[in-house]
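Accompanying notes for the structure given below.
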Amino acid sequence: MASKSGSITGMVIAMCTTGLRHARQTTRADVAACSDNADAATRRQLSFLLGGVIYGLGGALIGLRPVADDTFDENRVGLDHITFQTASKAELDGAATHLDQLGIHHEPVKDIGPSYILEFRGPDNIALELTAPK
């Protein structure tokens with residue numbers, strides 16, 4: 001049913017997709033910027049990043065763009081968390097070791113039935129997960 005604002009509420013809409021194409025995340029971090037000595041043509045060419053950065057993830061893209069100074073709260077409307085897939089549990093264990101080396105707190109790798117997950121938070125308090133198939 002459509003609400004007065006035109007949004008769909010109380011309905012489940014099924015659609016078939018072939019994967020994630022891209023996601024754009026806002027962040028407090030200054031993740032990328034043109035160097036101070038970049039010429040005007042370079043600044044124009046990279047202006048779509050708006051001070052951010054875009055990473056290729058297989059067939060998908062994820063962008064990070066700096067904005068406000070507040071931190072993320074998954075209890076507000078919006079993103080709850082984002083999960084990235086690894087190829088194996090060995091890679092997941094390696095990621096946990098890497099997070100340890102960086103001093104980033106994380107939960108232990110968990111067996112959740114159909115897969116394994118590694119949970120941690122980014123610098124803006126966004127819940128991040130890495131997952132591996134069984």
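For the sequence shown, position 36 (counting from the first letter as 1) is numbered 36 according to the UniProt record's numbering, and the numbering increases by one without interruption. Even for Gly, the Cβ is constructed at its ideal location relative to N, Cα and C. Given the structure is predicted, the values throughout are model-derived calculations rather than measurements.
Through-space distance from residue j to residue i, alpha-carbon basis
{"i": "residue 112", "j": "residue 124", "result": "26 angstroms"}
{"i": "residue 114", "j": "residue 75", "result": "26 angstroms"}
{"i": "residue 117", "j": "residue 97", "result": "14 angstroms"}
{"i": "residue 92", "j": "residue 64", "result": "23 angstroms"}
{"i": "residue 56", "j": "residue 80", "result": "22 angstroms"}
{"i": "residue 126", "j": "residue 106", "result": "13 angstroms"}
{"i": "residue 8", "j": "residue 85", "result": "The predicted model places residue 8 with a pLDDT of 48, which falls under 50 and marks its position as unreliable; any figure quoted below should be read in that light. Rounded to whole angstroms, residue 8 to residue 85 spans 30 angstroms at the Cα level."}
{"i": "residue 3", "j": "residue 109", "result": "With a pLDDT of only 45 at residue 3, under the threshold of 50, the placement of this residue in the model should not be trusted; the figure read from the coordinates follows. For residue 3 and residue 109, the distance between alpha carbons rounds to 42 angstroms."}
{"i": "residue 133", "j": "residue 104", "result": "23 angstroms"}
{"i": "residue 58", "j": "residue 88", "result": "16 angstroms"}
{"i": "residue 120", "j": "residue 102", "result": "12 angstroms"}
{"i": "residue 37", "j": "residue 69", "result": "27 angstroms"}
{"i": "residue 54", "j": "residue 73", "result": "23 angstroms"}
Continuous beta strand (DSSP E) stretch holding residue i: start and end
{"i": "residue 81", "result": "81-85"}
{"i": "residue 132", "result": "127-133"}
{"i": "residue 107", "result": "Neither: residue 107 is in no beta strand (DSSP E) and is coded neither H nor E."}
Inter-residue CB distance, residue i and residue j (contact presumed, cutoff 8 angstroms)
{"i": "residue 131", "j": "residue 71", "result": "Actually they are not in contact, since the Cβ atoms of residue 131 and residue 71 sit about 24 angstroms apart, beyond 8 angstroms."}
Start and end residues, alpha helix (DSSP H) containing residue i
{"i": "residue 58", "result": "Element bounds for residue 58: n/a, residue is neither H nor E."}
{"i": "residue 94", "result": "89-102"}
Reference residue i, options the options, closest by Cα
{"i": "residue 95", "options": "53, 60, 129, 38", "result": "129"}
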